[in-house]
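Colleague:
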Amino acid sequence: MAHATFATQAMLPILLQVLDLGGTFVFAISGAMVAVRHRLDIFGVLVLAFAAGNAGGITRDLMIGAVPPAAIAGLTYAGVSALAGLITFLWYPMTNRLRNDVRWLDAVGLAFFAVAGAQKALAHGIDPVMAALLGMVTGIGGGMLRDVLVSDIPTVLRADLYALAALAGAGVVVSAHLLHLSPMLAAVAGGGVCFALRFMAIRHGWHLPTSRSMPASDAPHRRHRDEGR
């Protein structure tokens, strides 16, 4: 039993890095694709690739006191982000044809980051509830910065069950931790829940409630404000 526990503890850092790097690569591709669509140059593409792939993890690491953040402690994360950016920049017509596939990959990346974020927070002794929230932050942080950099409304604020899927996956990881289950089992279960929710949301258009449409009497005032921008 002690040997199994030791082996599990030894595997946890490797598992976290694999999940982190997998999520980094997928989200870096999404950032690079947004940059190319906005006609940014190669520098802009690489910046958005790095931002999308690493902002969530950097935010998490700073909040849990894991400094310097893994993404800037060495060249590994920057290299993975740059590779994803260059692939997208050089072969954009091919990656653009795979846009729908990339959307599914984005769901995979969200699952990777939600799980990795929650597990790393737990490993640093963070309260379970906050660990789940940090898992969500890890999953959505990069996409939010990516969209802000190109002056778009962040996808997480308007997409079908995006942040909620990340929070659910991270919550499963935290629950498994409280039940003293294997981190590997927790990763598979949490990632599966996150991906399944995101998959079903994309497929069926599930989304959280939004405010009712603006009253007609307010429309002219809103239009006037918009035209004045």
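Just so you know, we're using our numbering here: the sequence shown kicks off at 16 and counts up by one. Here a beta-carbon is modelled for each residue, glycine too, at the ideal position from N, C-alpha and C.
May I ask you to report which of helix, strand or coil DSSP gives residue 89?
Modeller: The residue you call residue 89 lines up with position 74 of the sequence shown. Three-state result, residue 89: coil.
Colleague: In whole angstroms, what is the alpha-carbon distance linking residue 232 and residue 225?
Modeller: As a first step, residue 232 is located in the sequence shown; it is residue number 217 there, counting from the start. As a first step, residue 225 is located in the sequence shown; it is residue number 210 there, counting from the start. Its pLDDT being 46, under 50, residue 232 is placed unreliably by the model, and nothing is read from it.
Colleague: Which residue from 69, 105 and 78 puts its Cα closest to that of residue 93?
Modeller: Stepping through the sequence shown from its first residue, residue 93 is reached at position 78. Checking every option, the nearest Cα to that of residue 93 belongs to 69.
Colleague: Assign residue 154 to one of two classes, buried (16 or more other C-beta atoms within 10 Å of its C-beta) or exposed (fewer than that).
Modeller: Locating residue 154 in the sequence shown gives position 139, where the first residue counts as 1. That one is buried.
Colleague: Can you tell me whether residue 195 is helix, strand or coil according to DSSP?
Modeller: Numbered from its first residue, the sequence shown carries residue 195 at position 180. Coil at residue 195, not helix or strand.
Colleague: How would you label residue 83, buried or exposed, when you count the other beta carbons within 10 angstroms and need 16 or more for buried?
Modeller: Position 68 of the sequence shown, counted from the first residue, corresponds to residue 83. Answer is exposed; the Cβ neighbour count stays below 16.
Colleague: Assuming residue 129 contacts residue 181 (C-beta within less than 8 Å), just tell me the rounded distance between them.
Modeller: As a first step, residue 129 is located in the sequence shown; it is residue number 114 there, counting from the start. As a first step, residue 181 is located in the sequence shown; it is residue number 166 there, counting from the start. Indeed, because the Cβ distance is near 4 Å, the residues count as touching under 8 Å.
Colleague: Go ahead and pull the three-state DSSP assignment for residue 219.
Modeller: Taking the sequence shown and counting its residues from 1, the one referred to as residue 219 is at position 204. Three-state result, residue 219: helix.
Colleague: What are the uninterrupted segments assigned as alpha helix (DSSP H) that are 4 or more residues long and contained completely in the segment 167-194, given in chain order?
Modeller: Segments of the alpha helix (DSSP H) lying fully in the segment 167-194: 178-193.
Colleague: Please state whether the Cβ-Cβ distance between residue 64 and residue 76 is less than 9 Å.
Modeller: Taking the sequence shown and counting its residues from 1, one reaches residue 64 at position 49. Taking the sequence shown and counting its residues from 1, one reaches residue 76 at position 61. Their beta carbons are not under 9 Å apart, which means residue 64 does not touch residue 76 by this criterion.
Colleague: Measure the alpha-carbon distance for residue 109 versus residue 98 and round it to whole angstroms.
Modeller: Working through the sequence shown from its first residue, we reach residue 109 at position 94. Working through the sequence shown from its first residue, we reach residue 98 at position 83. So the alpha carbons of these two residues sit roughly 16 Å apart.
Colleague: Taking the Cβ atom as the reference point for each residue, do residue 31 and residue 146 lie within a distance shorter than 9 Å?
Modeller: As a working note, residue 31 is residue 16 in the sequence shown. As a working note, residue 146 is residue 131 in the sequence shown. Taking 9 Å as the Cβ cut-off, residue 31 and residue 146 do not qualify as a contacting pair.
Colleague: Hey, is residue 87 close to the ligand ZN, as in C-beta under 8 Å from one of its heavy atoms?
Modeller: As far as ligands go, the structure on display features none, and thus does not contain the ligand ZN.
Colleague: Check whether the segment 158-171 and the segment 185-199 are in contact - that is, three or more C-beta pairs closer than 8 Å.
Modeller: In short, these stretches do not touch, since the Cβ pair count stays below three.
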